[in-house]
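Peer 1: Dropping a structure here in structure tokens format, bear with me for questions.
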Amino acid sequence: MKALLCKNYGNSQNLVFQNIEDPQISDKQVLISVKACGVNFPDNLMIQGKYQFKPSFPFAPGGEVSGIIIAIGKKVTHFSIGARVLALCGWGGFAEQVAVDENRVFHIPDQIDMITAAGTLYNYGTSYYALKQKAAIKPGETILIIGAAGGVGLAAVELAKEMGAIVIACASSDEKLKICKTKGADFIINYKKVNLKEQIREITKNSGVDIVYDPVGGEYAEAALRTMAWNGRYLIIGFASGQIPQLPFNLPLLKGCSIIGIFWGSFAEKEPQENLKNMGELVQWLISGKIKPHIFKIYPLENAADALQDLQDQKVIGKAIIKLGNWIEPKLIDTSNKLKSDIDQEEILLPVVKFKNKFELKKNIGRELGKTNWLTISQERINQFAGATLDFQWIHIDPEKAKTFLPGGNTIAHGYLTMSLVSYFVYQLISIENVNSLLNYGIDKARFISPVPVESIIRMSASISNVEELPNGSIKLFLHCIIEIKGQEKPAFVAEIISMVF
Ligand SMILES: NC(=O)c1ccc[n+]([C@@H]2O[C@H](COP(=O)([O-])OP(=O)(O)OC[C@H]3O[C@@H](n4cnc5c(N)ncnc54)[C@H](OP(=O)(O)O)[C@@H]3O)[C@@H](O)[C@H]2O)c1
């Protein structure tokens with residue numbers, strides 16, 4: 007089999023790509039034909055000899071794989087040949103096959119693809135344990151996430167938002183922070199450009215943050231600790247900067263805050279039942295589309311060293327994945343259209359922006375809600391609209407006449423058809439929990455800018471333009487909406503939609 011091997015300690019460029027013997031399995035192991043392997047921070051430490059585990063040479067890095075079982079040991083009880091599985095193998099994943107102990111292997115549900123399966127458990131497992139078991143995060147609490155666009159950081163952004171927190175994401179570039187926003191960050195701080203402590207104070211109006219999630223260490227730790235609220239929890243996740251902070255002991259005393267160490271690997275070992283429960287919950291969230299790893303880039307095995315280098319150079323946002331071979335994912339059981347990873351940036355996980363309750367809307371006036379998926383305007387759709395509205399004008403429904411008399415030779419959708427799709431699109435962009443209904447009932451300032459010929463592909467972007475609280479406790483929500491046509495500069499339709507949130 008082919009593998010990328012570490013033969014002596016050094017950086018990623020020391021790794022050697024070569025053919026080696028297939029691995030042998032022991033009685034309690036399974037042999038996995040690797041389809042994808044997640045790239046994680048410890049992989050770099052391991053090849054440099056700086057990690058707590060030191061496999062003997064030669065070894066392939068890569069601790070998180072997905073694939074198919076091709077052989078099983080005599081005492082394996084839970085798996086059979088052909089099973090789709092993921093495994094936390096520690097190392098050995100940058101290879102076509104890996105032998106793994108049965109107790110480190112999990113079945114992949116039919117709805118989850120191989121790339122997602124190789125890119126989820128390590129980051130989300132760590133962050134979920136940190137937020138749920140160690141921080142006991144509560145809805146409405148404020149969390150500051152350092153290194154928020156990194157592997158564990160971005161998972162923490164998504165999970166904290168899902169768990170109802172107000173998320174302040176910090177990272178070293180605007181590009182990284184943009185992705186944090188799409189994953190639900192309420193506020194962003196580029197700590198290379200502004201003073202971290204001052205920004206936190208400004209955002210929290212001097213009341214401080216309840217939780218700090220710190221996978222970076224180094225220079226940001228003291229600034230973050232100094233901005234903690236009473237009863238705060240500072241989560242020590244890791245030291246990606248390479249510096250272990252030395253902090254004054256008087257600070258936790260004065261702040262009445264706790265400093266909590268997180269070691270997900272030990273948690274999984276010492277509290278396996280709790281960890282399995284967490285895994286089960288994460289898998290359900292993945293299936294339902296509540297979480298979705300952001301895939302930065304997919305590298306072939308031959309270029310896996312570049313993935314390690316990109317991670318070390320702080321280029322990776324979310325997760326880098328190694329794909330082994332040119333396989334194509336067989337059709338998955340698709341229950342929600344929300345399960346495939348972010349490989350195609352055009353295909354958006356919906357709904358993009360989630361609010362825990364209607365009152366959060368007020369704090370988000372001006373917020374962009376992102377873009378919907380594309381939708382094709384077929385002749386069939388136009389005809390159905392004509393039938394529903396009794397508007398049978400030939401420019402909409404008669405392709406033959408359109409060929410002769412219309413400039414582009416195509417029929418044109420009713421303007422009101424485009425407008426009617428605003429409601430359909432809105433539900434893709436926004437989700438508000440704990441409300442009885444979100445009712446789109448009015449359209450204001452509508453402008454039909456470009457005609458929409460048949461077979462046009464359109465999508466909508468929106469932002470919150472205003473929020474009014476009504477005396478009966480409901481909310482009037484104003485969304486500025488733009489419907490664009492693929493490949494065209496001028497939009498098809500622009501309007502303000504008015505919705506009632508009860
Ligand atoms: N405690 C646990 O159970 C546990 C589990 C998993 C991971 N970890 C640890 O958590 C840390 C982060 O892991 P990860 O998978 O999120 O890594 P990652 O994807 O590489 O992200 C690390 C982030 O740290 C920041 N950073 C600052 N200085 C850096 C440097 N010199 N080199 C690399 N990154 C630097 C970068 O963000 P900016 O560029 O935005 O600053 C980067 O995005 C690691 O130390 C890892 O060992 C701990």
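Counting from 7, one number per residue, gives the positions in the sequence shown under this note's numbering. Backbone N, C-alpha and C fix where the C-beta goes; we use that ideal spot for every residue, glycine too.
1) What did DSSP end up calling H402 once you bin it into helix, strand or coil?
2) Name the DSSP bridge partner or partners of R453?
3) Let me check one thing: in DSSP terms, what residues is F518 bridge-paired to?
4) Under 9 Å, do V500 and H486 count as touching if we go by C-beta distance?
5) Going by the DSSP bridge assignment, what does D220 pair with across the sheet?
6) For D49, count neighbouring C-beta atoms within 10 Å of its own C-beta (all shown protein chains included) and say buried if the count is 16 or more, exposed if not.
7) Just checking my contact of K360 with K167 at CB under 8 Å: how many whole Å lie between their CB atoms?
8) Going by beta carbon distance, what residues of the same chain come within less than 8 Å of K492, once the five residues before and after it are set aside?
9) To the nearest angstrom, how far is it from the Cα of N478 to the Cα of M506?
10) Quick check: is any heavy atom of ligand 1 less than 8 Å from the C-beta of L51?
11) Whether or not the region 145-163 and the region 222-231 are in contact is what I'm after, with contact meaning three or more pairs of Cβ atoms, one per stretch, closer than 8 Å; do they touch?
12) Evaluate contact between the region 100-118 and the region 30-42, counting only Cβ atoms and requiring at least three cross-stretch pairs below 8 Å.
13) Would you give the residue range spanned by the alpha helix (DSSP H) that D180 belongs to?
14) Which residues in the same chain have their Cβ closer than 8 Å to the Cβ of W291, if we skip the five residues on either side of it in sequence?
15) Going by the C-beta, is Q318 closer than 8 Å to any heavy atom of ligand 1?
16) Does the beta-carbon distance from V460 to P405 come in below 9 Å?
17) Considering only their Cβ atoms, is the gap separating M285 from G69 smaller than 9 Å?
18) Could you pull out every residue in the same chain whose Cβ sits closer than 7 Å to the Cβ of R373, ignoring the five residues on either side in sequence?
19) To the nearest angstrom, how far is the alpha carbon of T341 from that of Q434?
20) Assess, as a yes-or-no matter, whether the region 309-326 is touched by the region 76-91 under the definition of 3 or more beta carbon pairs within less than 8 Å.
21) How is K360 classed by DSSP in three states: helix, strand or coil?
22) Can you tell me which of the three DSSP states D33 falls into?
23) How about G214 and I172: do their beta carbons lie closer than 9 Å?
24) Report the residue ranges of all beta strand (DSSP E) runs contained in full by the region 19-101; include only those spanning at least 3 residues, in chain order.
25) Using a Cβ-Cβ cutoff of less than 8 Å, which residues in the same chain neighbour L534 once the five nearest sequence positions on both sides are dropped?
Peer 2: In this structure, then:
1) It is helical.
2) V500
3) For the chain, the structure presents residues 7 to 508; residue 518 sits outside this window and is missing.
4) yes
5) Looking at the DSSP assignment, D220 forms a beta bridge with I242.
6) buried
7) 7 Å
8) W380, S462, I463, I464, R465
9) In this structure, the CA atom of N478 is about 12 Å from the CA atom of M506.
10) yes
11) The region 222-231 makes contact with the region 145-163; the number of CB pairs closer than 8 Å reaches 3 or more.
12) Yes, the region 100-118 touches the region 30-42.
13) Element bounds for D180: 180-188.
14) E168, I297
15) yes
16) yes
17) For G69 and M285, no; Cβs fall outside 9 Å.
18) S469, I470
19) The pLDDT assigned to T341 is 44, lower than 50, so where the model puts this residue is not dependable; a value taken from the coordinates is nonetheless given after this. When rounded, the distance between both Cα atoms is 16 Å.
20) Fewer than three pairs of CB atoms, one per stretch, sit closer than 8 Å, so the region 76-91 makes no contact with the region 309-326.
21) strand
22) coil
23) no
24) 22-25, 35-45, 70-78, 90-94
25) The question about residue 534 has no answer here: the residues shown for the chain are numbered 7 through 508.
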